[in-house]
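Below is one structure, written out as structure tokens; the observations come after it.
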Amino acid sequence: MAYAVYPWGSMPNDLKGLPIGEVERQQMASMAREKGMGNEELYSLKEQPEVWLRVAAFLRRALGRIIELRESAGNLDPFVRVGDIEYSLLRDEGHGLRELVILLTAVYRQDWNLLIVDEPELHLHPSMARLWVTELSAECERSGRRAIIVTHEPSLLKPKSSDDLKAIWHFTANQKPVRFSRHILDVQEKRVTASLQMNPQLISQLVFSPRPVLVEGPHDIAALTVALTRKQPPEVVAQTDLVECGGSGGVALWFEICSNIGLDVRGVADLDSCFAPEVKRVMDSNRQVVDGYLNDLAIDPPTTSNALHQLITAMDSDGVDKDPKSRATWLASRVPSGSGNEIRKHRLLAIWRKAGLWLHPQGTLEDVLSLETKGAEQARRAAEESGPIDQVADWCAYRLDLMGDVFTLLGVAVEKIAHSLMEAQRLDPDIEFQAPVGPSAETDARLVRVEPTEPGFHRLTVIAPREFAGYWLEFSRDTPSSGLVLQPPVAEEAVG
Numbered sequence: 001m002a003y004a005v006y007p008w009g010s011m012p013n014d015l016k017g018l019p020i021g022e023v024e025r026q027q028m029a030s031m032a033r034e035k036g037m038g039n040e041e042l043y044s045l046k047e048q049p050e051v052w053l054r055v056a057a058f059l060r061r062a063l064g065r066i067i068e069l070r071e072s073a074g075n076l077d078p079f080v081r082v083g084d085i086e087y088s089l090l091r092d093e094g095h096g097l098r099e100l101v102i103l104l105t106a107v108y109r110q111d112w113n114l115l116i117v118d119e120p121e122l123h124l125h126p127s128m129a130r131l132w133v134t135e136l137s138a139e140c141e142r143s144g145r146r147a148i149i150v151t152h153e154p155s156l157l158k159p160k161s162s163d164d165l166k167a168i169w170h171f172t173a174n175q176k177p178v179r180f181s182r183h184i185l186d187v188q189e190k191r192v193t194a195s196l197q198m199n200p201q202l203i204s205q206l207v208f209s210p211r212p213v214l215v216e217g218p219h220d221i222a223a224l225t226v227a228l229t230r231k232q233p234p235e236v237v238a239q240t241d242l243v244e245c246g247g248s249g250g251v252a253l254w255f256e257i258c259s260n261i262g263l264d265v266r267g268v269a270d271l272d273s274c275f276a277p278e279v280k281r282v283m284d285s286n287r288q289v290v291d292g293y294l295n296d297l298a299i300d301p302p303t304t305s306n307a308l309h310q311l312i313t314a315m316d317s318d319g320v321d322k323d324p325k326s327r328a329t330w331l332a333s334r335v336p337s338g339s340g341n342e343i344r345k346h347r348l349l350a351i352w353r354k355a356g357l358w359l360h361p362q363g364t365l366e367d368v369l370s371l372e373t374k375g376a377e378q379a380r381r382a383a384e385e386s387g388p389i390d391q392v393a394d395w396c397a398y399r400l401d402l403m404g405d406v407f408t409l410l411g412v413a414v415e416k417i418a419h420s421l422m423e424a425q426r427l428d429p430d431i432e433f434q435a436p437v438g439p440s441a442e443t444d445a446r447l448v449r450v451e452p453t454e455p456g457f458h459r460l461t462v463i464a465p466r467e468f469a470g471y472w473l474e475f476s477r478d479t480p481s482s483g484l485v486l487q488p489p490v491a492e493e494a495v496g
């Protein structure tokens with residue numbers, strides 16, 4: 001392969017094809033191993049006719065393209081035909097089809113037992129990526145071989161049953177990889193399968209959302225989407241993902257699973273979820289909740305069952321049926337106002353909200369919206385008006401607030417500017433500066449203004465970012481690093 005060399009690096013000239021000669025092939029193989037190229041897969045198309053036939057059949061059936069293997073001047077040069085048009089796969093085709101050919105060839109080759117593919121979705125149309133995964137899955141099923149796919153593509157993650165979750169691992173920074181199925185109890189498997197069949201996108205929504213919000217069904221999504229749109233800026237609405245779980249039991253189920261996996265989730269459900277065993281288990285394992293039981297409710301042992309015991313005793317005294325919905329109705333509307341039980345109820349719900357689970361104190365979503373009948377359209381219309389649903393929407397909203405980190409990094413940058421000035425002062429203690437100094441002085445001048453205040457002292461005043469304009473610090477060459485702390489503009493006025 002010829003290269004054009006420039007002062008900043010080199011670039012390959014147009015590829016004539018893959019050399020068929022053994023010496024050149026070995027050179028290409030060495031380069032492929034070093035650079036992660038798919039040369040060997042292309043050679044396999046020529047040397048393994050059954051692989052070429054399967055790749056060609058896939059492209060013909062899925063894309064209506066014919067791939068032909070041609071040799072030109074000692075090079076393997078595959079061509080693509082579409083009707084009367086033909087062109088080189090390596091020189092004229094987009095990266096997507098070339099990558100698809102490589103990926104298909106890798107699947108159909110017989111010389112592997114474990115195939116590892118990192119982000120196959122790059123440069124591929126999502127539908128082609130899904131078709132490729134289907135082919136890989138079928139090949140593994142047929143041959144008993146195994147494959148590992150690392151992906152960030154939601155469309156590739158569509159498990160249909162709890163058994164499929166055995167193949168899905170979740171990776172998070174600073175945590176051990178977790179297999180989804182490990183945190184599903186045997187008694188939960190059928191419900192998990194039902195949830196996945198009801199919402200095939202459920203797992204991808206959970207793992208690819210910044211902080212998913214578990215909700216019961218389409219009525220909740222309709223109401224919360226309207227309330228979020230009415231109250232929050234567009235970027236917050238776009239970042240807040242509502243995940244349908246199929247009823248309050250589904251919210252409780254997936255809230256427990258996600259909490260055990262370590263996913264950052266929130267859940268919104270009807271009040272009857274407080275009696276679900278999943279809620280009891282996950283709350284009893286949450287240190288923050290246990291501390292709330294001890295400190296806010298004075299419960300010992302600090303368990304959810306004990307937290308509910310006094311309320312359930314009062315229900316039994318009132319002759320309330322023992323089913324969760326009847327008990328939730330009593331909690332929502334029949335607890336005496338101002339009583340100890342009412343205080344206990346509100347404190348208990350507050351403890352759970354801090355742990356990521358919002359249960360409607362009014363009872364159900366329809367009670368929150370003052371609706372007589374269920375329905376997505378009714379919920380949508382009701383949420384157009386201000387009301388209790390706004391509190392739920394505000395609690396669900398995900399905001400990626402960078403200002404705290406920006407201020408921290410700004411403080412570090414300003415401290416560095418101050419140190420540069422202090423070093424310059426050591427050479428001449430009486431010198432006065434009107435601007436930053438050092439190699440980054442031009443850039444630093446866009447962040448701060450430098451002013452001498454009294455002999456040996458300088459003040460740095462922030463001019464950008466505009467959110468922190470006016471913040472300042474004052475120093476001399478003897479100021480310790482602990483004293484180089486930005487002060488807000490109000491502090492400056494107070495000193496003056």
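Start counting the sequence shown at 1; every next residue gets the next number (UniProt numbering).
Where is the CB? At the ideal position from N, CA and C, for every residue including glycine.
Which word fits residue i, buried or exposed, when buried means at least 16 other C-beta atoms lie within 10 angstroms of its C-beta?
{"i": "Met403", "result": "exposed"}
{"i": "Arg466", "result": "exposed"}
{"i": "Phe475", "result": "buried"}
{"i": "Trp112", "result": "exposed"}
{"i": "Phe171", "result": "exposed"}
{"i": "Gly21", "result": "exposed"}
{"i": "Gly249", "result": "buried"}
{"i": "Ala332", "result": "buried"}
{"i": "Pro301", "result": "exposed"}
{"i": "Val406", "result": "exposed"}
{"i": "Pro455", "result": "exposed"}
{"i": "Gly292", "result": "buried"}
{"i": "Glu366", "result": "buried"}
{"i": "Met315", "result": "buried"}
{"i": "Ala435", "result": "exposed"}
{"i": "Ser273", "result": "buried"}
{"i": "Leu369", "result": "buried"}
{"i": "Leu114", "result": "exposed"}
{"i": "Leu53", "result": "exposed"}
{"i": "Leu348", "result": "buried"}
{"i": "residue 503", "result": "Since the displayed the chain opens at 1 and closes at 496, residue 503 lies outside it and no answer follows."}
Give me the residue from the options with the minimum Cα distance to residue i.
{"i": "Ser161", "options": "Phe171, Asp401 and Ile203", "result": "Ile203"}
{"i": "Gly83", "options": "Arg91, Ile66, Asn75 and His95", "result": "Ile66"}
{"i": "Val414", "options": "Ala393, Arg446, Ala424 and Gln288", "result": "Arg446"}
{"i": "Asp77", "options": "Thr225, Asn39 and Lys158", "result": "Asn39"}
{"i": "Phe457", "options": "Met422, Phe468, Pro439 and Tyr471", "result": "Met422"}
{"i": "Ser195", "options": "Lys345, Pro159 and Ala138", "result": "Pro159"}
{"i": "Ala464", "options": "Trp132, Asp444 and Leu297", "result": "Asp444"}
{"i": "Gly96", "options": "Val187, Val265, Met198 and Glu121", "result": "Glu121"}
{"i": "Arg81", "options": "Gly470, Thr461, Leu69 and Ala73", "result": "Leu69"}
{"i": "Arg61", "options": "Lys166, Leu131, Gly319 and Arg459", "result": "Leu131"}
{"i": "Ala73", "options": "Val207, Leu18 and Ile85", "result": "Leu18"}
{"i": "Ser127", "options": "Leu156, Ala222 and Leu45", "result": "Leu156"}
Between residue i and chain C, is any beta-carbon pair separated by less than 8 Å?
{"i": "Arg130", "result": "The question asks about chain C, but that chain is absent: this structure has only one protein chain."}
For residue i, which of helix, strand or coil comes out of DSSP?
{"i": "Gly83", "result": "coil"}
{"i": "Arg353", "result": "helix"}
{"i": "Ile149", "result": "strand"}
{"i": "Gln487", "result": "strand"}
{"i": "Ser339", "result": "coil"}
{"i": "Ala494", "result": "Its pLDDT being 41, under 50, Ala494 is placed unreliably in this model, and the coordinates cannot settle the point."}
{"i": "Asp401", "result": "coil"}
{"i": "Asn199", "result": "coil"}
{"i": "Pro452", "result": "strand"}
{"i": "Asp291", "result": "helix"}
{"i": "Arg211", "result": "coil"}
{"i": "Leu297", "result": "coil"}
{"i": "Arg266", "result": "strand"}
{"i": "Val243", "result": "strand"}
{"i": "Glu474", "result": "strand"}
{"i": "Val237", "result": "helix"}
Once you ignore the five residues that flank residue i on each side, which residues in its own chain have a CB closer than 7 Å to its CB?
{"i": "Glu41", "result": "Ile102, Thr105 and Ala106"}
{"i": "Asp241", "result": "Gln205, Ser209, Pro212 and Val213"}
{"i": "Lys231", "result": "Asp390, Ala393 and Asp394"}
{"i": "Leu484", "result": "Glu415, Ala418, Leu473 and Phe475"}
Going along the chain, which residues of its own chain have a beta-carbon closer than 6 Å to the beta-carbon of residue i, five neighbours each way excluded?
{"i": "Ile168", "result": "Phe180"}
{"i": "Met28", "result": "Asn39"}
{"i": "Trp254", "result": "Leu214 and Cys245"}
With a threshold of 7 Å (Cβ to nearest heavy atom), would residue i be considered close to the ligand PLP?
{"i": "Tyr87", "result": "The ligand PLP is not part of the structure shown, which contains no ligands of any sort."}
Excluding sequence positions up to five away, which residues of its chain have a Cβ less than 8 Å from the Cβ of residue i?
{"i": "Arg477", "result": "Met422, Gln425, Arg426, Pro429 and Gly456"}
Pairs of beta-carbons, one from the region 279-289 and one from the region 303-323, closer than 8 Å: are there three or more? yes
Are at least three pairs of beta-carbons, each pair with one atom in the region 133-150 and one in the region 89-100, less than 8 Å apart? no
Would you call the region 182-192 in contact with the region 253-262, where contact means no fewer than 3 C-beta pairs closer than 8 Å? yes
Whether or not the region 344-358 and the region 266-281 are in contact is what I'm after, with contact meaning three or more pairs of Cβ atoms, one per stretch, closer than 8 Å; do they touch? yes
Quick check: the region 214-226 against the region 370-384, are at least 3 beta-carbon pairs closer than 8 Å? yes
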